[in-house]
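Student: Numbered per the numbering used here, the sequence shown spans residues 657 to 912.
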Amino acid sequence: MIGLIIIIVITIIAIAIYADRKRRIHNYQLPANTRSLLSDNVPFYNNLDDKGRLQFETRIKDFLANTSVRGVDVEVDDLDRILVASGAIMLIFAFPDWKYNNISEVLLYKGTFSRDYKTDGSGRDVLGMVGDGVMHREMILSKPSLRSSFQNPVDGHNTVIHEFAHLIDKADGEVDGMPEYLLSQPHLLPWANIVHETIKEMKGKRHSDIDFYGAKNDSEFFAVISEYFFERPDKLKEHHPELYALLDEMFRPQKG
Ligand SMILES: [Zn+2]
657 MIGLIIIIVI TIIAIAIYAD RKRRIHNYQL PANTRSLLSD NVPFYNNLDD KGRLQFETRI
717 KDFLANTSVR GVDVEVDDLD RILVASGAIM LIFAFPDWKY NNISEVLLYK GTFSRDYKTD
777 GSGRDVLGMV GDGVMHREMI LSKPSLRSSF QNPVDGHNTV IHEFAHLIDK ADGEVDGMPE
837 YLLSQPHLLP WANIVHETIK EMKGKRHSDI DFYGAKNDSE FFAVISEYFF ERPDKLKEHH
897 PELYALLDEM FRPQKG
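1) Kindly indicate which residue of Asp-828, Glu-894, Pro-809 and Ala-741 has the alpha-carbon position closest to the one of Asn-703.
2) Would DSSP call Arg-726 helix, strand or coil?
3) Under 7 Å between the Cβ atoms of Val-831 and Ser-875?
4) Please list the segments of the beta strand (DSSP E) lying wholly inside the segment 789 to 876, counting only runs of 3 or more residues, in order along the chain.
5) Is Ala-672 near ligand 1, with its Cβ less than 6 Å from a heavy atom?
6) Per the DSSP calculation, Gly-784 is bridged to which residue(s)?
7) Helix or strand or just coil, what does DSSP make of Phe-886?
8) Could you have a look at Tyr-684 and say whether DSSP puts it in helix, strand or coil?
9) Straight-line CA distance for Arg-691 to Ile-817?
10) By how many angstroms is the C-alpha of Met-834 removed from the C-alpha of Met-795?
11) Near Lys-893, what residues of its chain come up, given a Cβ to Cβ distance below 6 Å and the 5 sequence neighbours on each side ignored?
12) In chain order, what are the residues with a CB under 6 Å from some non-hydrogen atom of ligand 1?
13) Pull up the distance between the alpha-carbon of Asn-689 and that of Ile-668, whole angstroms please.
14) Mark Ser-805 as exposed unless 16 or more other C-beta atoms lie within 10 angstroms of its C-beta, in which case mark it buried.
15) Does the beta-carbon distance from Ile-759 to Arg-793 come in below 7 Å?
16) With respect to the beta strand (DSSP E) encompassing Val-762, which residues constitute its N-terminal and C-terminal limits?
17) What does Phe-769 pair with, by DSSP beta-bridge criteria?
18) Using beta-carbon positions only, say whether Met-906 and Leu-838 come within less than 7 Å of one another.
19) Buried or exposed: which applies to Leu-710, given that a residue is buried once 16 or more other Cβ atoms fall within 10 Å of its Cβ?
20) Identify whether Glu-894 lies in helix, strand or coil by the three-state DSSP scheme.
21) If we ignore side chains and look at the alpha-carbon of each, how far apart do Tyr-701 and Ala-670 end up?
22) Output needed for Arg-677: all residues of its chain with C-beta closer than 7 Å, excluding positions within five of it in sequence on either side, in chain order.
23) Is it buried or exposed for Ala-672, if we count other Cβ within 10 angstroms and need 16 for buried?
24) In the DSSP assignment, the alpha helix (DSSP H) including Leu-693 goes from what residue to what residue?
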């Protein structure tokens, strides 16, 4: 009997959450200039066909209806919201049903910040962060870094992609560099192997085409290599064909 009551309560809560999500999407309006903001600032959007662009617009609307973007001592405008949503959606665009259920708010800071979220004092070297503890449904991004991520779309660095890659990694319960929602079972072991091999290779060299921050651990590797994949796929394919193939399988599985 208790089991049945629990199932009924869970079902009611799930229906309520689903209905609330639908209501928010229905009520939310994208800014009137969304299309021009996207075509002026997001190459990923420009490279889609007409159908893809419409889908991209729907996905960012869905994202922004359910995730607020708020400035802390800094103004947030339409472009900021569109850029945050674009970075988030680029990563999961190949998965029409995938939604970020583990974030409620993105906070924009006026500059870099420290690991304990402070914008003054020493140790302010963080550009973006997925929150933990009481901040577990929050993400923080430095606004200048958000803007520069899209102003330089082929330099291999994009803080928004980096942080949302962590969020995807986190969605299966652990931030461990194994994005189990993106990789099917047979690919998990090859992925773990290539990550470890590449980190070892990076540590053995003075220079690497991969940002050295990726050698810190498996989860940073996944975030850093995701930036590289979305910004310079050509270069990644040339220098690391096997790694590229696994990432391609991960982010664009339907391509076949
Ligand atoms: Zn990171």
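For glycine and all other residues, C-beta sits at the position ideal for the given N, C-alpha and C.
Tutor: So, from the data block:
1) Pro-809
2) strand
3) yes
4) 794 to 798
5) Because no heavy atom of ligand 1 lies under 6 Å away, the Cβ of Ala-672 does not count as near it: no.
6) Answer is Leu-797.
7) DSSP, read as helix, strand or coil, puts Phe-886 in helix.
8) coil
9) Their Cα atoms are separated by approximately 21 Å.
10) 20 Å
11) Excluding sequence neighbours, Lys-893 sits near Tyr-900.
12) His-818, His-822, Glu-876 and Ala-879
13) Those two C-alpha atoms are separated by around 38 Å.
14) buried
15) yes
16) 761 to 765
17) Val-782
18) yes
19) exposed
20) helix
21) 33 Å
22) Within the same chain, Arg-677 has close Cβ partners Asn-722.
23) exposed
24) Residues 690 to 697.
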